[in-house]
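Counting with our numbering, you get residues 66 to 194 for the letters of the sequence shown.
Just so you know, even glycine gets a beta-carbon here, dropped at the ideal spot from N, CA and C.
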Amino acid sequence: MIPYGAARCPDCQREHDAKAKAKAIESKRARDRRYNARRDPKQRAFYNSKEWKALSARVMAAAGYRCASCGKPLGSKREDGSVVVLEVDHIEPIQSTSGWEKRFDEKNLRCLCTYCHNRKHGRFTPRGG
């Protein structure tokens with residue numbers, strides 16, 4: 066029996082939720098594949114290297130797992146309810162020759178939350194003002 070106000074019975078709702086979750090995971094994988102296909106293979110290999118992964122973990126730990134821009138700690142909640150996720154940012158982007166030479170230089174790295182990192186690079190900005 067479908068409870069009042071619900072669109073599905075509990076069993077169908079669980080099945081629907083599982084399918085929606087699987088679809089979201091596959092959608093993210095497809096987006097990642099498209100993004101990586103456009104990315105320089107040299108940079109892709111760099112970001113997948115053990116050296117980078119170890120260095121980025123050290124940079125995050127040294128920053129106290131806080132964003133250098135907004136100061137929000139890893140795992141805290143934003144005003145919109147999303148969870149703060151941290152990334153290591155190259156201050157001088159590795160796409161430039163001098164940035165590539167500094168790719169392992171800790172002075173060229175800082176910890177940013179995804180929101181601040183996207184804002185720095187002008188990614189995913191709201192449309193219409």
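Spatial distance of residue i from residue j (CA atoms)
| i | j | result |
| --- | --- | --- |
| Arg98 | Lys107 | 16 Å |
| Gly194 | Glu152 | Here the model assigns Gly194 a pLDDT of 48, short of 50, so the residue's position is not dependable and the matter cannot be decided. |
| Tyr100 | Ala72 | 36 Å |
| Ala128 | Asp82 | 38 Å |
| Ala119 | Glu80 | 40 Å |
| Gly70 | Asp76 | 16 Å |
| Pro68 | Ser121 | 49 Å |
| Arg94 | Gln78 | 24 Å |
| Gly187 | Cys74 | 44 Å |
| Tyr130 | Met66 | 48 Å |
Cβ distance (whole Å) where residue i is taken to contact residue j below 8 Å
| i | j | result |
| --- | --- | --- |
| Asp154 | Leu139 | The pair is not a contact, with the Cβ atoms about 15 Å apart (cut-off 8 Å). |
| Arg168 | Ile156 | Actually they do not touch by this definition, with Cβ atoms about 11 Å apart. |
| Arg175 | Ala133 | 4 Å |
9 Å Cβ cutoff, residue i in contact with chain D
| i | result |
| --- | --- |
| Cys132 | The structure shown contains no chain D; it holds only a single protein chain. |
Residue from the options with nearest C-alpha to residue i
| i | options | result |
| --- | --- | --- |
| His180 | Tyr130, Cys74, Lys88, Val148 | The sequence shown places Tyr at residue 180, not His. That would be Val148, whose Cα lies nearest to the Cα of Tyr180. |
| Lys172 | Arg143, Val124, Asn183, Asp145 | Val124 |
| Trp165 | Tyr112, Ala85, Gly187 | Tyr112 |
Residues near residue i in its chain [Cβ-Cβ closer than 8 Å; skip 5 each side]
| i | result |
| --- | --- |
| Asp105 | Gln160 |
Own chain residues within Cβ distance below 7 Å of residue i, not counting five before or after
| i | result |
| --- | --- |
| Ala85 | none |
Heavy atom of the ligand SAH within 8 Å of residue i beta-carbon
| i | result |
| --- | --- |
| Pro75 | With respect to small molecules bound, the structure shown includes none, and the ligand SAH cannot be examined in it. |
Pick out the complete alpha helix (DSSP H) segments inside the stretch 109-170, 4 residues or longer, and give them in chain order.
-> Runs of the alpha helix (DSSP H) inside the stretch 109-170: 115-127, 162-166.
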